[in-house]
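To convert, note that position 54 of the sequence shown is 53 in numbering that gives the first Met the number 0; the numbers rise steadily by one, no gaps.
Each residue gets a CB set at the ideal place from its N, CA and C atoms; glycine is no exception.
None of the values given here were measured: they were computed from a predicted structure.
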Amino acid sequence: MDDLYAKFLPRFITLARARVAMSISKIESRDPREQALVPVELHTLAGEAGLLGLKQVVPLAQACEQKAKALHSSRADADAESLLAALHQLASAIEEVSKA
0 MDDLYAKFLP RFITLARARV AMSISKIESR DPREQALVPV ELHTLAGEAG LLGLKQVVPL
60 AQACEQKAKA LHSSRADADA ESLLAALHQL ASAIEEVSKA
């Protein structure tokens, strides 16, 4: 298992950083068509983190996914700001994993 973790963790970090950066960009665009893609990216990120056993990342990614779905329904600025804050928290957690 350690070999798989060592092999796939760097890939996960690279992809997770890209998914979060893309999500932030799409939310900041305030374009509902772009924002509609964000929950899928976050769901994928949560699943990948789960496969690697990254217990500190999974709940944050899942919370971001739920906030992205709420934003898709509401299109409210407050929901966008809440999601952006959560995405920055998720980005910090990913950076912590990359240092471990």
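Task: Whole-number beta carbon distance between L51 and S22, since they are thought to touch under 8 Å - done: Here the question's residue 22 lines up with position 23 in the sequence shown. Here the question's residue 51 lines up with position 52 in the sequence shown. The Cβ separation is near 19 Å, so there is no contact.
TODO: Leaving out five residues on either side along the sequence, give the residues of the same chain with a beta carbon under 8 Å from the beta carbon of K66.
DONE: Here residue 66 corresponds to residue number 67 of the sequence shown, with the count starting at 1. Only D78, S81, L82 and A85 meet the Cβ criterion.
Open item on the list: Tell me the rounded alpha-carbon separation between A62 and Q55.
Closed with: The residue given as residue 62 occupies position 63 in the sequence shown. The residue given as residue 55 occupies position 56 in the sequence shown. A62 and Q55: Cα-Cα distance of roughly 12 Å.
TODO: Counting only the same chain and skipping the five closest in sequence on each side, list residues whose C-beta sits under 7 Å from that of R74.
DONE: Within the sequence shown, numbered from 1, the residue matching residue 74 stands at position 75. P31, listed in sequence order.
Task: Residue nearest to P126 in terms of C-alpha spacing, selected from E95, S28, L53 and R18 - done: Limits of the chain in this structure are 0 at one end and 99 at the other, which puts residue 126 out of reach.
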